[in-house]
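Trainee: Take the sequence shown: its letters are residues -4 to 178, numbered as in this note's numbering.
Take a look at the following structure, please.
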Amino acid sequence: GFVLREPPPPAIRYVPPGRDGRAFEPFVLMLVGVPGSGKSVFASGLAAGKPWKYRRVNQDDLGNRRACEEAAVRALNEGLCPVIDRCNFDVANRRTFLEIAERRRIRVEAVVFTYPLAVCLRRCEGRKDHPTILPGMAKEVVKRMAKNFSPPLPNRVIRENFSSLRTVKDVQEANDLMLEYLY
């Protein structure tokens, strides 16, 4: 069948801290999307480009939400911006991270990945060695997540307290936004 060619992620080069060093206000960057929507590529790109600013906090690597919460707190304590790389698919799953930021009076920016479900399914089914989604399970997991997916919406921003809410619907938009966060 016809396979849609996606543009590759941008080539990320390390960006050294400027003359003023690490002059930035730490914030939490929360990624929201079903499996296969590009969150980890995005988070990894930020952490590779500016490791002195961004710390990827990934649930697949860390094991559970509690470990992610602890890693986010550690990153903030080190003056870094944690990039919360997990599905964060509903209000309850996002709440703790918003509370962590609120206690420190720092902002939380959200990036919502709204790729077509078929793209996410194809990507998950094509993954080798994924730490949590085993081969043959991708379709079931992605469809279940998609059914329960309740992203932050512009009219819900106030209630969930995001300082900004951006949506990316394809790889090109995600690539552009990644570069915006880096350069």
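Built from N, CA and C at the ideal position, the CB exists for glycine as well.
A quick note: this is a predicted structure, and the numbers were derived from the prediction, not measured.
Assess, as a yes-or-no matter, whether the segment 42 to 52 is touched by the segment 65 to 79 under the definition of 3 or more beta carbon pairs within less than 8 Å.
Mentor: The segment 65 to 79, when compared against the segment 42 to 52, does touch it at the 8 Å Cβ threshold.
Trainee: Could you tell me which residues DSSP pairs with residue 53 in its beta bridges?
Mentor: BP columns for residue 53 point to 80.
Trainee: Return the bridge partner residues of residue 107 from the DSSP annotation.
Mentor: Answer by DSSP bridge pairing, in chain order: 27 and 162.
Trainee: Relative to the C-alpha of residue 23, which candidate in 56, 137, 109 and 41 has its C-alpha closest?
Mentor: Checked all of 56, 137, 109 and 41; the closest Cα to residue 23 is 41.
Trainee: Do you know offhand how far residue 144's Cα is from residue 86's?
Mentor: The alpha-carbon atoms of residue 144 and residue 86 are separated by roughly 10 Å.
Trainee: So is residue 131 buried or exposed if we call it buried at 16+ other beta carbons inside 10 Å?
Mentor: So residue 131 ends up on the exposed side.
Trainee: Do the segment 93 to 105 and the segment 155 to 166 meet, that is, are 3 or more Cβ pairs less than 8 Å apart?
Mentor: Because the criterion of three Cβ pairs below 8 Å is met, the segment 93 to 105 and the segment 155 to 166 touch.
Trainee: Starting from residue 95, trace the alpha helix (DSSP H) both ways and give me its first and last residue.
Mentor: Residue 95 -> alpha helix (DSSP H) spans 86 to 98.
Trainee: Using 8 Å as the threshold, is the C-beta distance between residue 32 and residue 115 below it?
Mentor: For residue 32 and residue 115, yes; Cβs fall inside 8 Å.
Trainee: Once DSSP output is grouped into helix, strand and coil, what is the label at residue 33?
Mentor: In this structure, residue 33 counts as coil in the three-state DSSP scheme.
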